[in-house]
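Student: Taking full-length UniProt numbering, I'd label the letters of the sequence shown as residues 1 to 131.
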Amino acid sequence: MSNSKELSKHDVQTRQHRELPQRSIRPDVDIFEDERGITLKADLPGVNKEGLDIQVDKETLSIDGKAEIEMPEAMQALYADVRATRYQRSFSLSSELDGDKTEASLKDGVLSLRIPKREQYQPRKIEIRNS
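1. How do the segment 94-103 and the segment 67-75 stand: do at least 3 beta-carbon pairs fall below 8 Å, yes or no?
2. With DSSP run on the structure shown, which of helix, strand or coil describes GLU96?
3. Would you tell me roughly how many angstroms separate the C-alpha atoms of LYS117 and LEU93, rounded to the nearest one?
4. Excluding the five sequence neighbours on either side, which residues of its own chain have a C-beta within less than 7 Å of the C-beta of MET1, listed in chain order?
5. Can you tell which of LYS66, TYR87, ASN130, SER95 has its C-alpha closest to the C-alpha of TYR121?
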C-alpha cells in the first residue's frame with residue numbers, strides 16, 4: 001500500500017545527499033627541500049586551474065581545489081565510491097620561507113608549488129678579495 005505522501009527511494013536518496021555536509025578529500029602531497037627553498041607536489045585529479053584556490057596567509061599555506069567530474073548527458077550516477085569532489089589541505093610554513101614569492105603550476109592533475117627561502121636564509125658565496 002503506497003501513500004501518495006510517501007517519498008520514493010530516489011527522493012530520499014536525493015534529500016540525504018543534499019543534507020550531507022560537503023566532504024573534502026585530503027590530497028597526497030610530497031615535499032622536497034633544497035638549499036634555496038621547498039617544492040610541494042599535490043595530487044589533485046580532476047581539478048583545473050579555474051577550480052583551484054591557493055592562499056598564503058602569514059605562515060599558513062592553504063590549498064582548496066574543486067574537481068569537475070563530467071557526467072555524460074542524460075546519465076545519472078547510481079553508485080560512486082568518491083562523492084567528494086573537493087580537495088583541501090593546509091600547512092604551517094617556516095618563518096624561513098617567503099610565501100609572497102610562491103610560484104604554482106598545474107599539469108595533469110599535479111599541483112607544483114615552489115616556495116623560496118627568504119634572502120637572509122639562502123646560502124651565499126663570499127667573494128675573496130686580493131690584499
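Every residue, glycine too, gets a C-beta built ideally from N, C-alpha and C.
Tutor: So, to answer that:
1. Using a C-beta cut-off of 8 Å, the segment 94-103 makes no contact with the segment 67-75, since fewer than three inter-stretch Cβ pairs fall below that distance.
2. In the three-state scheme derived from DSSP, where H, G and I count as helix and E and B as strand, GLU96 is classed as coil.
3. In a straight line, the C-alpha of LYS117 is about 11 Å away from that of LEU93.
4. Any reading at MET1 must be qualified, since the residue scores a pLDDT of 47, below 50, and its modelled position is unreliable; no value is offered.
5. Selected option, being the one with the closest Cα: SER95.
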